[in-house]
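Novice: One structure, pasted below without further comment.
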Amino acid sequence: LSQQLPLLQDPLLAQLAQALSARTGLDFFDTLINQLAHILVADAVWLAERTSSDRLKVLACHGIDLKEYELADMPCQQVYRRGEACVVTIEADCQLNPQLKAGQRYYAQPLFDRHGQILGHLALLFSSEIEIPNLGSVLTIFSVRMVAELERLQSDAQLRLSAVAFETHEGIIITDPDFKILRVNYA
Numbered sequence: 053l054s055q056q057l058p059l060l061q062d063p064l065l066a067q068l069a070q071a072l073s074a075r076t077g078l079d080f081f082d083t084l085i086n087q088l089a090h091i092l093v094a095d096a097v098w099l100a101e102r103t104s105s106d107r108l109k110v111l112a113c114h115g116i117d118l119k120e121y122e123l124a125d126m127p128c129q130q131v132y133r134r135g136e137a138c139v140v141t142i143e144a145d146c147q148l149n150p151q152l153k154a155g156q157r158y159y160a161q162p163l164f165d166r167h168g169q170i171l172g173h174l175a176l177l178f179s180s181e182i183e184i185p186n187l188g189s190v191l192t193i194f195s196v197r198m199v200a201e202l203e204r205l206q207s208d209a210q211l212r213l214s215a216v217a218f219e220t221h222e223g224i225i226i227t228d229p230d231f232k233i234l235r236v237n238y239a
């Protein structure tokens, strides 16, 4: 059952761009996710940030209840393995998340930083096979802005952490979730 959606026409792209123009940070992500779900008639849309080599934190979602999850046995694992957008038909109900059911179509767009590392991904879930012309091209256009907002949020978090951690006379070591040393306070 392939269904053609004439949704990605110029007026709708303009509507999406207009809705996002004054938004920043998490408000940008929430608006983007909700608008994409509405425009594309998707069952679920979410944006996840990679927090470690095998974990993701969901920054915004619509139609699915996700907060944080592991990559293992999830359809998004292919995005991180291949380093490119993927379209997958889910073969069997997902044990880790009952909202991912057999027969659903999963589309994911990776978000790369300026060094080519995957920061996270945008995921769309449809209940049936659906054909959306130029979906990859449209999401690539918006992925530049998604990456910029994601990097800005990460930079802001680093600045807040530094302000707290390095205004003390105590010795502090800051690590990432994989225990790689990021910063040291030489108190």
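In our numbering, the protein residues as written are 53 to 239.
Glycine included, C-beta positions come from ideal geometry on N, C-alpha and C.
Give me the Cα-Cα distance between Q156 and A71, rounded to the nearest whole angstrom.
Specialist: 28 Å
Novice: Helix, strand or coil: how does DSSP classify I225 here?
Specialist: strand
Novice: Can you give the Cα-Cα distance for D117 and Q67, rounded to whole angstroms?
Specialist: The straight-line gap from Cα to Cα measures roughly 26 Å.
Novice: How would you write the range of the beta strand (DSSP E) that Y240 sits in, first residue to last?
Specialist: The requested residue 240 is not part of the displayed model; the chain covers only 53 to 239.
Novice: Near K153, which residues of its chain fall below 7 Å by C-beta distance, leaving aside the five closest residues on each side in sequence?
Specialist: I142 and D145
Novice: From I85 to I224, what distance separates their C-alpha atoms?
Specialist: 37 Å
Novice: Any idea if R102 is buried or exposed, counting beta-carbon neighbours within 10 angstroms, 16 or more meaning buried?
Specialist: buried
Novice: Quick one: what's got a C-beta closer than 6 Å to R235's C-beta in the same chain, skipping five residues either side?
Specialist: I226
Novice: Below 7 Å CB to CB, which residues in the same chain sit around L205 once its five sequence neighbours on both sides are set aside?
Specialist: G77
Novice: Just verifying my parser: in three-state terms, what is the DSSP assignment at F40?
Specialist: Because the chain here runs from 53 to 239, residue 40 falls outside it and cannot be looked at.
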